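Everything below concerns the one structure shown next.
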Amino acid sequence: MDPLLYLGGLVVLFLLWIKVKGLDYVIVHQRWIFVCLFLLPLSVIFDVYYYLRAWLIFKMCSAPKQHDERVRNIQRQVREWRKEGGKTHMCTGRPGWLTVSLRVGKYKKTNKNIMINMMDILEVDTQRQVVRVEPLVNMGQITALLNSLGWTLPVLPELDDLTVGGLVMGTGIESSSHIYGLFQHICVAFELVLADGSLVRCTEVSIALFTV
147 MDPLLYLGGL VVLFLLWIKV KGLDYVIVHQ RWIFVCLFLL PLSVIFDVYY YLRAWLIFKM
207 CSAPKQHDER VRNIQRQVRE WRKEGGKTHM CTGRPGWLTV SLRVGKYKKT NKNIMINMMD
267 ILEVDTQRQV VRVEPLVNMG QITALLNSLG WTLPVLPELD DLTVGGLVMG TGIESSSHIY
327 GLFQHICVAF ELVLADGSLV RCTEVSIALF TV
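In this note's numbering, the protein residues as written are 147 to 358.
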């Protein structure tokens, strides 16, 4: 019981200290307390959950079955935006705490948020050596999967949380190869939902969209 009483006493003193100093003061000036006691354990739980989720979905091959429905859902949202007059810009509905950037995107409050819940690896074509993924798949997922095959990406950004969609859209410029170029240069095709809600697949043949 002594350790429990000691721990309880520390918790009481900690709460009293927060009450005296104020929660704002503690968060700003003693943020290490929240980082070590709350954020780090939550981050570990979050990473373990998403790793197990990605592993199970890939092993059960359920992602390809859900992919088409997810795409249709995005098309529906875009068409609703058009019906509303398209008076605002569109942006992804991904919350700020899921992004790598520390900047809070205020534009998300005024723009049309398109919810994109697409974070799975769809297939690995071992013959063509091509990985088909959804836009929110991150480098950690791809690395973990390809390592089991003895493979890696020709251009591999150093942060596990960077997503394929974000890298293709321009944030991957810090990772490049003299042989293969930037991250988007190793991609062989893209599936895009256009502003009218239509779905197109662009490759090097459709050069206008492929190189945008």
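For every residue, glycine included, the Cβ atom is placed at its ideal position computed from N, Cα and C. Every value quoted in this text rests on a predicted model; they were computed, and no experiment measured them.
- Unbroken beta strand (DSSP E) runs of no fewer than 3 residues, entirely contained in the segment 153-199, are not found.
- Distances from the alpha-carbon of Val277 to those of Phe204, Asp306, Asp342 and Val224 put Phe204 closest.
- Val166 and His175 have their C-alpha atoms some 14 Å from each other.
- Residue Trp297 holds the alpha-carbon nearest to the alpha-carbon of Thr272 among Val334, Trp297, Arg347 and Ser322.
- For Arg278, the uninterrupted beta strand (DSSP E) run begins and ends at Val276 to Val279, by DSSP.
- Separation of the CB atoms of Asn284 and Thr309 is rounded to 5 Å, and the pair is thereby assigned contact status at 8 Å.
- Collapsing the DSSP output to three states places Asn284 in a strand.
- Non-local beta-carbon contacts of Gly239 in its own chain, meaning distances under 8 Å to residues more than five positions away in sequence, involve Lys254, Asn259, Ile260, Met261 and Ile262 in chain order.
- Here Val346 is not near Val224, since their CB atoms are 8 Å or more apart.
- Counting the other Cβ atoms within 10 Å of the Cβ of Asp266 gives 16 or more, which makes it buried.
- In this structure, the alpha-carbon of Ala200 lies about 14 Å from that of Pro281.
- In the DSSP annotation of this structure, the continuous segment of the beta strand (DSSP E) that includes Val339 starts and ends at Phe336 to Val339.
- One thing to note: Pro187 has its Cβ no nearer than 8 Å to the Cβ of Glu269.
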